[in-house]
Amino acid sequence: MIPLPVVAKDVVVFDVAHIRQLRSLGIVGVLSGTLAAAPQQNLLLGVPLRLSIFDAVWLVRNSHAFLYDSAAYHQGLSTTSNPVDTSIDSANHSNFITIASTSSAPGPPPSEYQISIDEFMPKDTKTAQLYKVYSSLRSRGYWVSPGLRFGGDFVAYPGDPLLFHSHLIVSHADTIANQELVHRGRLATGVKKLWCVVDSGEKAYSIEWAGFG
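Under this note's numbering, the first residue of the sequence shown is numbered 4, with each subsequent residue one higher.
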C-alpha cells in the first residue's frame, strides 16, 4: 500500500514513485512545490503533491494506501540515529571532526504511525455528503479534481486530465436559489461543461443553458 504522510492535517506526497502509483489509480492531486531559485513563480510547480481529504479517504477505504503521522515518524527516526558529537575535544587534535549522520539500524516504518480515518476525516455532515459525491464519481470512472476554479465542489474528467478536458462541474446542494441556478448554468455552458447538482439523497441533476456559449 502507498504510505500517505499527514503534515499539519494535509496529505502531501514527496516520493515521485508514489505519485506515479497514485496517478495510475486515477488520483490527480495538486502539485504545490515551487522552484528554489524562483519561489514566487507559480507556473512550474512540482512535488509535493497535495491530496484532498476525499482523495485520501477514498484511497484508504479502497485499500490502496494508509495514512501516517509524518511528524511522529521523523521524530522516531531521529531517536534511533546515533548522537552527533561536534565538540572540539572529540577531534583528537585532528584537523577534521567526524560526524555520524546516520545509524546502521533502520528506524520504524511509517506503518507504525498510522492514522485512522476517524482521526483524519472531519466529522461535519457537509464533508460526509461531499465524500459520497466524490466516491460516486470515482465509481463511475471519473477522475476528480477540486472544482473551486469553476465555482463547484468538484470537476470531473472522463480520463487523465493530461489527455481530456473536464466534462462536469459538480456541486452538492439540497436547495438552489433561482439566481444561482442561472449564474452557474451560464458559467458551465460558457466553459463548455455540464453543471451537475447532487442532493443529499444522491440524486443528480444536470443543468445546461440552451442556445448559449
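From the three backbone atoms N, C-alpha and C, an ideal C-beta is built for every residue, glycine too.
This one's a predicted model, so the numbers in the text were calculated from it and none came from an experiment.
For residue i, which residues in the same chain have their Cβ closer than 7 Å to its Cβ, ignoring the five residues on either side in sequence?
i	result
I118	V9, L70, Y71, D72
D163	W146
S169	V158, A159, Y160, K196
Taking the alpha carbon of residue i as the reference point, which residue from the options has its own alpha carbon closest?
i	options	result
G79	V60, P113, H67, N181	P113
G155	S81, P164, C199	C199
L140	S174, D127, P111	S174
W212	G193, V201, L52	G193
R189	A20, I172, A176, A41	I172
R64	K12, F123, A41	F123
T59	V19, V14, A176, P111	The amino acid at residue 59 is misidentified as Thr; the sequence shows Ala. Among V19, V14, A176, P111, the Cα nearest to that of A59 is on V14.
Could you check how far apart the C-beta atoms of residue i and residue j are, in whole angstroms? I think they sit under 8 Å.
i	j	result
Y160	F167	5 Å
I30	L54	7 Å
S35	L48	6 Å
S203	Q132	6 Å
Y137	W61	7 Å
S142	V158	No, S142 and V158 are not in contact; Cβ-Cβ is about 17 Å, not under 8 Å.
Report the rounded CA-to-CA distance for residue i versus residue j, giving the unit in angstroms.
i	j	result
Q44	K195	29 Å
N181	A191	16 Å
T178	F57	23 Å
L7	F17	9 Å
L38	D121	35 Å
A135	S81	Note on identity: in this sequence residue 135 is Lys, with Ala being the wrong assignment. Using only the alpha carbons, I get a separation of about 40 Å.
V201	A207	4 Å
P51	H186	35 Å
L151	A75	32 Å
T130	A176	12 Å
Whose C-beta lies closer than 8 Å to the C-beta of residue i among residues of the same chain, with five residues either side of it excluded?
i	result
M4	S66, H67, A68, F69
L28	L62, H67
E205	K135, V136, S139
V19	V50
How far does the alpha helix (DSSP H) with residue i in it reach, from first residue to last?
i	result
S142	128-142
V60	56-64
D121	120-123
S27	19-27
V185	181-193
Going by DSSP, what residue range makes up the beta strand (DSSP E) through residue i?
i	result
D72	68-72
I30	Careful: I30 lies outside any beta strand (DSSP E) and carries neither H nor E.
F157	157-160
D13	13-16
P42	Taken as a continuous stretch (DSSP letters only), P42 belongs to no beta strand (DSSP E), as it is neither H nor E.
Return the chain-ordered list of same chain residues with a C-beta closer than 6 Å to the C-beta of residue i, the five sequence neighbours on each side being excluded.
i	result
V33	R53
P125	none
K12	none
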